[in-house]
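Asker: My structure is below; once you've seen it, I'll send some questions.
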Amino acid sequence: MARAADYSSVERLRDGRSIEIRALRPDDQEDMLAAVDRTSVQSLQRRFFVPKRGFSDKEVSFFMNIDFTNHVALVAQIDEDGQSVIAGGGRYIVTQPGQAELAFVVVDAHQGKGIGTALMRHLLAIARDAGLKELTAEVLPENAAMLKVFNGFGFRARAGGDPQVRHLSLQLV
3 MARAADYSSV ERLRDGRSIE IRALRPDDQE DMLAAVDRTS VQSLQRRFFV PKRGFSDKEV
63 SFFMNIDFTN HVALVAQIDE DGQSVIAGGG RYIVTQPGQA ELAFVVVDAH QGKGIGTALM
123 RHLLAIARDA GLKELTAEVL PENAAMLKVF NGFGFRARAG GDPQVRHLSL QLV
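Going by this note's numbering, the first residue of the sequence shown is number 3, and it counts up by one from there.
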């Protein structure tokens, strides 16, 4: 498999359109922030668990400064009216040796087309290639679409600290 920092794969979505799943690059910052602007407050709250309309400089730095070892980030790039735009993104962050936490967001106009599933499939391949043993995720109970994606990949409920959040895990070994 290609190094995570150079990762790129093209596939077809449910509606037949092509999408590129690739590593987040430093020059994606403007496109990433534009994608956030095209994402509803509700979708951002499902990702960040709090109402969010933008990011501080510190948050932008965190999301953009990826080492592709302990913090891996992929974007889904699609053609939108003749222009290539970021339609979603997914990442994992190593929380302890052998374990990482996953998170995703898909721009509202592109939800329900298989982008979250595609991002998950590619992040799982990278995580396995990196030798990770377990992936975890926290999902709000009302985020039925993301819960369906996680369930489809075999994630199971696990004990967690916050009863208002679904805590999920997947063993990779």
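Don't be surprised by glycine CBs; every beta carbon is placed ideally from N, CA and C.
Terminal residues of the continuous alpha helix (DSSP H) containing residue 35?
Answerer: Start and end: 31-39.
Asker: Check residue 10 in the structure and name its three-state DSSP category.
Answerer: Strand, per DSSP.
Asker: Quick check: what's the CA-CA separation for residue 134 versus residue 40?
Answerer: 33 Å
Asker: Is the separation between the beta-carbon of residue 120 and that of residue 82 shorter than 9 Å?
Answerer: no
Asker: Does the stretch 18-36 come close enough to the stretch 88-97 to have 3 or more Cβ pairs within less than 8 Å?
Answerer: yes
Asker: Please report the distance separating the alpha-carbon of residue 173 from that of residue 77.
Answerer: 24 Å
Asker: Note down the Cα distance separating residue 127 from residue 84, rounded to an integer number of angstroms.
Answerer: For residue 127 and residue 84, the distance between alpha carbons rounds to 30 Å.
Asker: For a quick check, are the C-beta atoms of residue 168 and residue 151 less than 9 Å apart?
Answerer: no
Asker: If you compare alpha carbons, which of 73, 79 and 122 is closest to residue 99?
Answerer: 73
Asker: Is the distance from the Cβ of residue 171 to the Cβ of residue 136 below 9 Å?
Answerer: A contact, by the Cβ cut-off of 9 Å.
Asker: Quick test of your reading: residue 157 and residue 139, contact by CB under 8 Å. State the CB separation rounded to the nearest angstrom.
Answerer: 7 Å
Asker: Residue 67: buried (16+ other C-beta within 10 angstroms of its C-beta) or exposed?
Answerer: Residue environment: residue 67 is assigned as exposed (fewer than 16 neighbouring CB atoms within 10 Å of its CB, all protein chains considered).
Asker: Once the 5 residues before and after residue 7 are set aside, which same chain residues still bring their CB inside 7 Å of it?
Answerer: 25 and 70
Asker: Tell me the rounded alpha-carbon separation between residue 105 and residue 17.
Answerer: Per the coordinates, the alpha-carbon of residue 105 lies some 24 Å from the alpha-carbon of residue 17.
Asker: Please report the straight-line C-alpha distance between residue 146 and residue 38, rounded to a whole angstrom.
Answerer: 21 Å
Asker: By how many angstroms is the C-alpha of residue 75 removed from the C-alpha of residue 13?
Answerer: 18 Å
Asker: Please look up how many angstroms separate the CB atoms of residue 35 and residue 117, rounded, as I've assumed it's under 8 Å.
Answerer: So it is not a contact: roughly 18 Å between Cβ atoms.
Asker: Residue 154 lies in the alpha helix (DSSP H); which residues open and close that run?
Answerer: Going by DSSP, residue 154 is part of the alpha helix (DSSP H) stretching over 146-154.
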